[in-house]
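J.: Just dropping this structure here.
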Amino acid sequence: MIVERTFPHAVESVGRARRYALDALGELPSEVVDSVAVMVSELATNSVRHAASPFTLSVDRDDARVRIAVADDGDRLPSLRTPDPREHSGRGLQIVRALADEWGVIENVGRPGKTVWFVVSIAPIAPIARRSTNTTEASRPVHGASGGHAPSGSVRPRSTPRQRDAQERGPSCRARLLKARHFG
Amino acid sequence: MAELEEGASDASIECADDSDPRLIRIRGEVDMSNVVTVESDLTGALAGRPPRVVFDLSELQFIDSSGIAVLLRAAEKTDSLRLRNPSSVVQRIIEATGLTDVLPTEP
Numbered sequence: 272m273i274v275e276r277t278f279p280h281a282v283e284s285v286g287r288a289r290r291y292a293l294d295a296l297g298e299l300p301s302e303v304v305d306s307v308a309v310m311v312s313e314l315a316t317n318s319v320r321h322a323a324s325p326f327t328l329s330v331d332r333d334d335a336r337v338r339i340a341v342a343d344d345g346d347r348l349p350s351l352r353t354p355d356p357r358e359h360s361g362r363g364l365q366i367v368r369a370l371a372d373e374w375g376v377i378e379n380v381g382r383p384g385k386t387v388w389f390v391v392s393i394a395p396i397a398p399i400a401r402r403s404t405n406t407t408e409a410s411r412p413v414h415g416a417s418g419g420h421a422p423s424g425s426v427r428p429r430s431t432p433r434q435r436d437a438q439e440r441g442p443s444c445r446a447r448l449l450k451a452r453h454f455g
Numbered sequence: 039m040a041e042l043e044e045g046a047s048d049a050s051i052e053c054a055d056d057s058d059p060r061l062i063r064i065r066g067e068v069d070m071s072n073v074v075t076v077e078s079d080l081t082g083a084l085a086g087r088p089p090r091v092v093f094d095l096s097e098l099q100f101i102d103s104s105g106i107a108v109l110l111r112a113a114e115k116t117d118s119l120r121l122r123n124p125s126s127v128v129q130r131i132i133e134a135t136g137l138t139d140v141l142p143t144e145p
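Chains A and B, in that order, give the protein sequences.
Using this note's numbering, read the first sequence as starting at 272 and increasing by one per residue.
Using this note's numbering, read the second sequence as starting at 39 and increasing by one per residue.
The following block contains the structure:
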């Protein structure tokens, strides 16, 4: 399954791209969903921030892994930084590197622009609907400034599934259900 | 919490400002599209520079590096900030970016 959509150069496109990717991917383990959501958001944010063009999000999934790519016409290549804790930006690719099994950048040849992509393996414990997908490896770019470390197909240890039973947690702010802006 | 299909992501900030530590609940989704609003709301919630603050993230459905940056700026407005119930992916992000000292989780 490969689908793609082009989003306008606008901040609203970040969330729209994220939701589009999650809709296209369908059912997946929550850790994969959460990681993919963050990484799509980071790549879309980088594009909106640094390119002046729309970006095209492609979503590719089979039984073993998810591959996402964000392409735009911006000629500035993304850089992996390690900001000091006091800095307020520059962590997007650092997060992609941490959450992805592989990632990389493919620079366009003969025209401006690039594609930033990542791959996340799907843990075998996942209840995934089987589908017969022909993976066309030959159509996939095989070079680029890959910064990935894990070999293809590897499954990184996942942390325990998060528990979000918010109803039963923590003291409530209901004593003052006010949006902060109203009493600031 | 209804989300507009074509609009910015939606988040809300709720605060019990007479508590110590000051408990601030961040709900919804925080990304580039709504960081300005969220930061403005958080600045209001941090008025008076409370010495101790807890951000309750139990109902935070999504946050990325744009939102983390807002949390970092908020951390400068108090002497002690703790996160309550960050999701596992939020914890991984904070660890991967070396921010565990600035954005520590409640023990």
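Even for Gly, the Cβ is constructed at its ideal location relative to N, Cα and C.
This structure is a prediction, so every number in the text was calculated from the model and none was measured.
#1: Give me, in chain order, the residues of the same chain whose beta-carbon lies closer than 8 Å to that of Leu110 (chain B); leave out the 5 immediate sequence neighbours on both sides.
#2: Apply the 10 Å Cβ neighbour rule to Thr404 (chain A) and answer buried if 16 or more other Cβ atoms are within range, or exposed otherwise.
#3: In this structure, how does DSSP classify Ile62 (chain B) when only helix, strand and coil are distinguished?
#4: If I follow the unbroken beta strand (DSSP E) through Ala49 (chain B), where does it start and stop?
#5: For Ile132 (chain B), list the residues DSSP reports as bridge partners.
#6: Pairing CB atoms from the stretch 374-386 of chain A with CB atoms from the stretch 328-343 of chain A, are three or more of them under 8 Å?
#7: If we define contact as Cβ-Cβ less than 7 Å, is Arg362 (chain A) a contact residue for chain B?
#8: Please tell me whether Val282 (chain A) and Met70 (chain B) are closer than 7 Å, where the distance is taken between their beta carbons.
#9: If you draw a straight line from the alpha carbon of Asn317 (chain A) to that of Ser47 (chain B), how long is it in whole angstroms?
#10: Please state the DSSP three-state secondary structure of Leu328 (chain A).
#11: For Ile101 (chain B), which three-state DSSP category applies?
#12: Mind pulling the chain B residues with CB within less than 7 Å of Gly345 (chain A)?
#13: Taking Cβ-Cβ distances shorter than 7 Å, what residues in chain B pair up with Ser318 (chain A)?
#14: How would you label Glu144 (chain B), buried or exposed, when you count the other beta carbons within 10 angstroms and need 16 or more for buried?
#15: List, in order along the chain, the chain A residues whose C-beta lies closer than 9 Å to that of Phe93 (chain B)?
#16: Any C-beta of chain A within less than 7 Å: which residues of the stretch 62-88 of chain B qualify?
#17: Ordered along the chain, which non-local residues of its own chain (more than five positions away) have a Cβ less than 8 Å from that of Ser350 (chain A)?
#18: Less than 8 Å between C-beta atoms, sequence neighbours within five positions excluded: which residues of the same chain meet that for Ala107 (chain B)?
#19: May I ask which residues mark the beginning and end of the alpha helix (DSSP H) holding Thr316 (chain A)?
#20: Counting pairs of Cβ atoms below 8 Å between the stretch 76-89 of chain B and the stretch 276-294 of chain A, do you hit three or more?
#21: Going by beta-carbon coordinates alone, are Asp102 (chain B) and Glu313 (chain A) separated by less than 7 Å?
#22: Checking the sheet assignment: what are the DSSP bridge partners for Ser78 (chain B)?
#23: Does Val309 (chain A) come within less than 7 Å of chain B when only Cβ atoms are used?
#24: Whole angstroms is fine: what's the gap from Asp117 (chain B)'s alpha carbon to Val91 (chain B)'s?
T.: Let me spell this out:
#1: Stepping through the second sequence from its first residue, residue 110 (chain B) is reached at position 72. Spatial neighbours of Leu110 (chain B) in its own chain (CB-CB distance under 8 Å, excluding positions within 5 residues in sequence) are listed in chain order as Leu137, Val140 and Leu141.
#2: Your numbering for residue 404 (chain A) matches position 133 in the first sequence. The pLDDT assigned to Thr404 (chain A) is 45, lower than 50, so where the model puts this residue is not dependable, and the model offers no usable value.
#3: Locating residue 62 (chain B) in the second sequence gives position 24, counting from the first residue. DSSP places Ile62 (chain B) within a strand segment (E or B) once states are collapsed to three.
#4: The sequence position of residue 49 (chain B) within the second sequence is 11, counting from 1. First-last of the beta strand (DSSP E) with Ala49 (chain B): Ala49 to Ala54.
#5: Here residue 132 (chain B) refers to the residue found at position 94 of the second sequence. Ile132 (chain B) has no beta-bridge partner at all, per DSSP.
#6: Using a Cβ-Cβ distance cut-off of 8 Å, the stretch 374-386 of chain A and the stretch 328-343 of chain A are in contact, since at least three pairs of beta carbons, one from each stretch, lie closer than that value.
#7: By 1-based counting over the first sequence, the position of residue 362 (chain A) is 91. Closer than 7 Å to some Cβ of chain B, the Cβ of Arg362 (chain A) qualifies, so yes.
#8: As a first step, residue 282 (chain A) is located in the first sequence; it is residue number 11 there, counting from the start. As a first step, residue 70 (chain B) is located in the second sequence; it is residue number 32 there, counting from the start. Yes.
#9: Within the first sequence, residue 317 (chain A) is the residue found at index 46, counting from 1. Within the second sequence, residue 47 (chain B) is the residue found at index 9, counting from 1. Cα-Cα distance, rounded: 17 Å.
#10: Here residue 328 (chain A) is taken as the residue at index 57 of the first sequence, counted from 1. In the three-state reduction of the DSSP assignment, Leu328 (chain A) falls in the strand class, which pools E and B.
#11: Reading the second sequence from its first residue, position 63 is the one you call residue 101 (chain B). Ile101 (chain B): strand per DSSP, three-state reduction.
#12: Taking the first residue of the first sequence as 1, we reach residue 345 (chain A) at position 74. The premise fails here: Gly345 (chain A) is roughly 16 Å from chain B at the closest Cβ pair, so nothing lies under 7 Å.
#13: For the purposes of this step, residue 318 (chain A) is taken as residue 47 along the first sequence, with counting starting at 1. Close partners of Ser318 (chain A) in chain B (Cβ separation under 7 Å) are lacking, with about 10 Å as the shortest Cβ gap.
#14: Position 106 of the second sequence, counting from 1, holds the residue named residue 144 (chain B). Around the Cβ of Glu144 (chain B), a 10 Å sphere holds fewer than 16 other Cβ atoms; the residue is exposed.
#15: For the purposes of this step, residue 93 (chain B) is identified with residue 55 of the second sequence, where counting begins at 1. Identification of chain A residues near Phe93 (chain B) by a Cβ-Cβ cut-off of 9 Å yields none; the smallest Cβ-Cβ distance measures about 11 Å.
#16: Going along the stretch 62-88 of chain B in chain order, one finds Arg63, Glu67, Asp69, Met70, Ser71, Ser78, Asp79, Leu80, Thr81, Gly82, Ala83 and Ala85 with a Cβ nearer than 7 Å to chain A.
#17: Here residue 350 (chain A) refers to the residue found at position 79 when the first sequence is read from its first residue. Contacts found: Leu364.
#18: Mapped onto the second sequence, residue 107 (chain B) falls at position 69. For Ala107 (chain B), where only same-chain residues beyond five positions count, the Cβ hits under 8 Å are Val73.
#19: Mapped onto the first sequence, residue 316 (chain A) falls at position 45. For Thr316 (chain A), the enclosing alpha helix (DSSP H) has its first and last residue at Ser301 to His321.
#20: With the rule of 3 Cβ pairs closer than 8 Å, the stretch 76-89 of chain B does not count as touching the stretch 276-294 of chain A.
#21: As a first step, residue 102 (chain B) must be located in the second sequence, where it is residue number 64. As a first step, residue 313 (chain A) must be located in the first sequence, where it is residue number 42. Cβ atoms of Asp102 (chain B) and Glu313 (chain A): closer than 7 Å.
#22: Sequence index remark: in the second sequence, residue 78 (chain B) carries index 40 (1-based). None; Ser78 (chain B) has no bridge partner.
#23: Position 38 of the first sequence, counted from the start, is the residue given in the question as residue 309 (chain A). Chain B, which has a Cβ nearer than 7 Å to the Cβ of Val309 (chain A), makes this yes.
#24: Taking the first residue of the second sequence as position 1, residue 117 (chain B) is located at position 79. Taking the first residue of the second sequence as position 1, residue 91 (chain B) is located at position 53. About 8 Å.
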